[in-house]
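One structure is given here, and the rest of the page talks about it.
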Amino acid sequence: MAEPAWEDRFAPGARVGILPLGALDRLLDYKAPEGGCAPGSFVEVPLGPRKIVGIVWGPGSGEVPEARLRAVTRILDAPPLRAPMREFLGRAADYTLTPLPAMVRLATRAPGLTEGQAMHHVYRLGPREAGRMTDARARVLAVLRDLPEKSFTLGELANRAGVGTAVIRGLVQQGAVLEVEAPRDRPYPVLDLGGPGVALTPDQMLAAAALRIGAEARTYNTTLLKGVTGSGKTEVYLEAVAETLRQGRQALVLLPEIALTGAFLSRVEARFGAPAAEWHSGMTQTERRRLWRQAAEGGASLVVGARSALFLPFRDLGLVVVDEEHDTSYKQEDGVLYNARDMAVLRASIEKAQVILASATPCLESWHNAQTGKYARLTLPARVGLAVLPTVKAVDMRLEDVPRGNWVSPTLATAVAQRLEREEQSLLFINRRGYAPVTLCRSCGHQLGCPHCDARLVEHRFMRRLMCHQCGETFPIPVACPDCGAEGKLSPVGPGVERLAEEVASLFPTARTAVLSSDLYGSARSLKEAIEQIADGAADIVIGTQLVAKGHNFPKLTLAGVIDADLGLYGSDLRAAERTFALMRQVSGRAGRADAPGEAMLQTYQPHHPVIQAILKGDDEGFWRAEADARRMAGMPPYARLCGIVLSSEDAQEAMDKAVEMARHKEPLARIGAEVWGPAPAPIARVRGRHRVRLLLKAERGSPFQDAIARWVAQFRFPSDLRLTIDIDPQSFM
1 MAEPAWEDRF
11 APGARVGILP
21 LGALDRLLDY
31 KAPEGGCAPG
41 SFVEVPLGPR
51 KIVGIVWGPG
61 SGEVPEARLR
71 AVTRILDAPP
81 LRAPMREFLG
91 RAADYTLTPL
101 PAMVRLATRA
111 PGLTEGQAMH
121 HVYRLGPREA
131 GRMTDARARV
141 LAVLRDLPEK
151 SFTLGELANR
161 AGVGTAVIRG
171 LVQQGAVLEV
181 EAPRDRPYPV
191 LDLGGPGVAL
201 TPDQMLAAAA
211 LRIGAEARTY
221 NTTLLKGVTG
231 SGKTEVYLEA
241 VAETLRQGRQ
251 ALVLLPEIAL
261 TGAFLSRVEA
271 RFGAPAAEWH
281 SGMTQTERRR
291 LWRQAAEGGA
301 SLVVGARSAL
311 FLPFRDLGLV
321 VVDEEHDTSY
331 KQEDGVLYNA
341 RDMAVLRASI
351 EKAQVILASA
361 TPCLESWHNA
371 QTGKYARLTL
381 PARVGLAVLP
391 TVKAVDMRLE
401 DVPRGNWVSP
411 TLATAVAQRL
421 EREEQSLLFI
431 NRRGYAPVTL
441 CRSCGHQLGC
451 PHCDARLVEH
461 RFMRRLMCHQ
471 CGETFPIPVA
481 CPDCGAEGKL
491 SPVGPGVERL
501 AEEVASLFPT
511 ARTAVLSSDL
521 YGSARSLKEA
531 IEQIADGAAD
541 IVIGTQLVAK
551 GHNFPKLTLA
561 GVIDADLGLY
571 GSDLRAAERT
581 FALMRQVSGR
591 AGRADAPGEA
601 MLQTYQPHHP
611 VIQAILKGDD
621 EGFWRAEADA
631 RRMAGMPPYA
641 RLCGIVLSSE
651 DAQEAMDKAV
661 EMARHKEPLA
671 RIGAEVWGPA
681 PAPIARVRGR
691 HRVRLLLKAE
701 RGSPFQDAIA
711 RWVAQFRFPS
721 DLRLTIDIDP
731 QSFM
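When we follow full-length UniProt numbering, the leftmost residue of the sequence shown carries the number 1, and every step to the right adds one.
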């Protein structure tokens with residue numbers, strides 16, 4: 001690792017500010033050690049009788065007298081956090097009103113960062129057969145066969161296979177598993193930039209040329225890459241990736257769903273001759289540590305990951321691609337609240353990097369920024385090759401004779417039967433997990449709810465459990481009603497994806513069906529495998545939740561049927577119309593992505609609703625213009641700023657009283673013209689036993705919103721059991 005220039009270092013004995021990586025929320029003053037230290041260095045410092053790890057953040061504050069200053073114990077063998085990275089974390093903390101240490105923890109989520117490079121033992125598949133096969137041994141060997149490119153430590157392999165370490169050691173003795181010594185953090189394979197890539201259409205070539213120019217400029221710019229589903233957006237932005245790597249810089253591609261990484265990594269390997277580095281929750285701890293260090297040292301040129309990959313300490317980040325940029329999963333809703341799409345733009349502006357926001361249905365904020373010239377815009381209006389956009393039809397459910405307890409209309413069922421005859425795939429989409437969203441007692445009318453949350457329990461019949469989708473707790477399905485005690489009277493109400501699968505099995509008993517829902521897969525890898533099998537034709541009918549709308553490519557799928565197109569059109573969410581439009585367009589876009597033409601059918605009771613009409617006409621621009629006009633008239637984002645405030649406590653009155661006090665003392669907000677709406681109980685007023693009260697703040701764009709909120713909140717003292725959550729630019733109002 002290259003040492004920073006001496007003039008950038010603190011001299012021995014100089015006062016430095018250390019940001020602890022633990023729970024402390026402030027900088028601490030220390031003296032630089034013998035030999036000095038560089039800003040961003042990871043160091044060990046004394047704190048009372050303990051020694052803790054921290055980061056040299058900058059000059060000391062001067063609050064501690066010189067005579068009481070203690071010296072940094074030692075500099076640790078870890079790549080320093082570069083100045084742009086520290087600036088990004090500081091500005092992200094200021095924007096989201098998050099304590100800086102909490103933001104820095106997002107950037108240091110890897111084990112053993114400060115232990116330095118070393119050798120360790122890893123385990124791989126051996127050349128021999130196991131002498132005596134047991135279930136435990138079979139699980140170990142299955143993990144190694146499924147992931148031949150991975151190396152596991154002893155603990156990781158035991159964990160992944162669900163066995164004790166003695167089982168693995170026994171396989172090592174027999175030669176069925178190899179134990180080898182390897183560097184802990186080796187660089188990733190070098191990508192081949194000389195390959196020609198796939199042949200591009202004229203539209204793709206124009207877009208790729210513009211993005212290559214953006215990469216060559218080595219300055220900040222953001223481009224909205226809007227292309228219809230199947231238009232080859234990925235191949236276009238891979239040209240920008242290649243140019244970025246030719247410039248000697250690093251590239252990051254963010255994906256909204258782990259299940260998408262398998263197909264995407266295959267395309268990267270086909271294009272560049274080697275796999276990219278991965279960063280997501282399915283990685284082992286060894287892999288996380290390796291990628292963190294190699295990103296910082298330049299040994300990982302292309303990283304593909306989930307939203308948290310944005311906080312990796314890249315040595316020279318030149319490109320960030322946010323694929324499916326409209327997807328709501330880019331908003332982190334727990335812990336530190338941030339939107340990865342917005343943070344990507346912030347980081348790129350600091351790193352002098354290019355951002356590509358790719359989507360067939362961009363969010364209104366991105367569309368507005370492109371309309372006003374803040375972002376550049378490139379458009380891919382047609383699908384690649386012989387594929388054409390699917391025809392989209394509405395099935396008017398008011399005219400359909402659907403049997404009681406069924407949800408697939410005769411019109412849609414006939415279309416599915418036609419695909420079965422032609423050996424083509426059909427997709428049936430419903431945006432509800434589980435078997436049924438409500439379980440009702442037919443004797444007393446009681447609805448089964450979570451004891452810890454104000455939420456109904458969702459039946460998951462495949463699991464034989466009831467689940468709360470707020471806190472995640474599950475319960476056995478009772479025989480008798482817990483309210484009146486009547487037995488045999490509990491009845492599911494409404495359809496979920498599992499109930500739809502049951503109906504499909506009765507309608508098409510010989511068809512091969514696959515259900516895609518995140519609840520049904522124990523790991524991201526098993527979900528990826530299921531998607532790959534479907535793409536290869538392993539199912540005739542795919543039944544899925546929102547998961548299926550996230551950019552998957554099923555070449556044999558020619559029919560997409562939406563069971564309840566009206567589901568997202570109601571409620572108080574200001575983005576309801578936008579999200580419904582995007583979701584329906586994305587689901588429809590799964591059909592007809594190869595040579596055979598596709599068709600999408602939307603079951604609706606409101607065929608004349610403006611959103612449904614915009615989908616049927618394919619009038620994207622008309623929809624966004626109308627939605628933008630409605631937001632402008634209402635004074636809502638992107639023409640205003642919002643901030644959600646949630647106070648939660650085990651005592652409902654305590655939360656409401658504090659919220660009322662905050663609403664009354666709003667002078668810092670009033671000075672910038674901001675409005676305070678509420679307080680009111682949250683739509684889901686109790687989660688995990690805590691009562692929740694909401695306030696909503698609104699201000700004009702360009703006003704010093706965060707500064708005013710910080711001054712406003714600083715007026716109040718909060719009891720230890722009362723939690724305050726600040727959500728800048730909220731996406732959810734639950």
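Using N, Cα and C, we set each Cβ at its ideal position, and we do this for glycine too.
In the DSSP annotation of this structure, the continuous segment of the alpha helix (DSSP H) that includes Gly155 starts and ends at Leu154 to Ala161. Arg137 is classed as buried because its beta carbon has at least 16 other beta carbons within 10 Å across all chains shown. A contact is defined here as three or more CB-CB pairs under 8 Å, and the region 586 to 602 meets this definition with respect to the region 542 to 561.
Residue environment analysis places Pro704 among the exposed positions, since fewer than 16 neighbouring C-beta atoms fall within 10 angstroms of its C-beta. A Cβ-Cβ distance of about 6 Å is found for the pair Ser443 and Cys481, placing them in contact under the 8 Å criterion. Within 10 angstroms of the beta-carbon of Val646 lie 16 or more other beta-carbons, which makes it buried. Less than 8 Å divides the Cβ of Val56 from the Cβ of Pro39.
Every alpha helix (DSSP H) of 4 residues or more that sits fully in the region 309 to 390 is shown, in chain order, as 340 to 351 and 364 to 371.
Ala714 is the residue among Ala714, His368, Arg631 and Pro681 whose C-alpha sits nearest the C-alpha of Leu669.
Straight across, the Cα-Cα distance linking Ala251 with Ala309 is about 11 Å. According to the DSSP secondary-structure assignment, Lys489 is paired through a beta bridge with no residue.
Rounded to the nearest whole angstrom, the CA to CA distance from Arg419 to Ala560 is 11 Å.
Assignment of Ala535 by DSSP, reduced to helix, strand and coil, places it in the helix class. In the same chain as Ser41, and ignoring 5 residues on each side of it, the C-beta atoms closer than 6 Å to its own belong to Val56, Ile75 and Pro80, in chain order. A residue is called buried when at least 16 other Cβ atoms come within 10 angstroms of its Cβ; Phe718 does not meet this threshold and is exposed. Of Lys233, Arg433 and Val693, the smallest CA-CA separation from Leu520 is found for Arg433. Every unbroken stretch of the alpha helix (DSSP H) spanning 4 or more residues and falling wholly within the region 586 to 635 is given here in chain order: 610 to 617 and 620 to 634. The beta carbons of Ala455 and Pro492 sit no closer together than 8 Å.
Here the alpha carbon of Met463 sits roughly 23 Å from the alpha carbon of Asn159.
If you draw a 10 Å sphere on the C-beta of Tyr330, you find 16 or more other C-beta atoms in it, and that means buried. Taking all protein chains in view, the Cβ of Asp146 is surrounded by fewer than 16 other Cβ atoms within 10 Å, so the residue is classified as exposed. For Met119, the enclosing beta strand (DSSP E) has its first and last residue at Met119 to Leu125. Around the beta carbon of Gly62, fewer than 16 other beta carbons lie within 10 angstroms, which makes this residue exposed.
Excluding the 5 residues flanking it on each side, His280 has same chain C-beta neighbours closer than 6 Å at Ile258, Gly305 and Ala306, in chain order.
In the three-state reduction of the DSSP assignment, Pro681 falls in the strand class.
The region 593 to 611 makes contact with the region 386 to 398, as at least three CB pairs between them are under 8 Å. In this structure, the beta-carbon distance from Ile543 to Val562 does not fall below 8 Å. In the structure shown, Ile75 falls within a strand segment according to DSSP collapsed to helix, strand and coil.
Phe716 sits exposed, since fewer than 16 C-beta atoms from the chains shown fall within 10 Å of its C-beta. Take the alpha-carbon of Ser366 and the one of Ala295: they are about 28 Å apart. Residue pairing from DSSP places Lys698 in a beta bridge opposite Leu642 and Glu675. A distance below 8 Å separates the beta carbons of Ala674 and Leu697. C-alpha of Val236 to C-alpha of Asn553: approximately 17 Å in a straight line.
Take the alpha-carbon of Ala486 and the one of Val497: they are about 28 Å apart. CA-CA distance, Ala166 to Tyr123, rounds to 13 Å. For Gln586, the closest alpha carbon among the candidates Lys352, Glu325 and Glu667 is that of Glu325.
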